[in-house]
Amino acid sequence: MDGKRQIDQPKVTKRKKDHGLRKGKLDLKKEKEKVKFFAGLLAEVRAVQAELIEAIDSLHDPAESDLHLKCQQLRRVNTQGALLNTMMRNYIDRTLAVLLASEGKGN
């Protein structure tokens with residue numbers, strides 16, 4: 001033991017890992033609800049983006065530096081929102097493809 005106390009610890013035989021979609025373990029109802037939620041969120045983000053674009057276009061006056069700075073910031077936020085839209089659309093499309101494939105195999 002070389003002068004050190006050893007503590008009895010349980011042996012770890014398996015580690016749990018985050019698994020992706022498992023065959024036969026997909027809850028279609030929950031996944032469809034998630035898709036509907038993200039689709040609704042995507043629509044809301046697009047509506048906010050449309051409002052931002054309208055506000056930016058109506059307020060754009062280069063003579064006022066503060067206002068010009070706000071417009072630039074709003075444009076950056078809008079660009080980030082567009083990227084988020086793309087990511088969400090890709091997620092929705094992939095999830096729908098998986099759901100439709102699993103429904104096709106189940107019938």
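Quick note: the sequence shown, position 68, residue 68 per the UniProt record's numbering, numbers continuous. Every residue, glycine too, gets a C-beta built ideally from N, C-alpha and C.
query, result
"Looking at Y91 and F38, is the spacing between their C-beta atoms short of 8 Å?", "yes"
"Among L100, S102 and T86, which has the Cα closest to the Cα of residue 119?", "Because residue 119 is not part of the residues shown, which for the chain are 1 to 107, the question remains open."
"How about L52 and N78: are their beta carbons less than 8 Å apart?", "yes"
"For I56 versus L74, is the C-beta distance shorter than 8 Å?", "yes"
"Just the C-alpha distance for R94 and V48, rounded to the nearest angstrom, thanks.", "25 Å"
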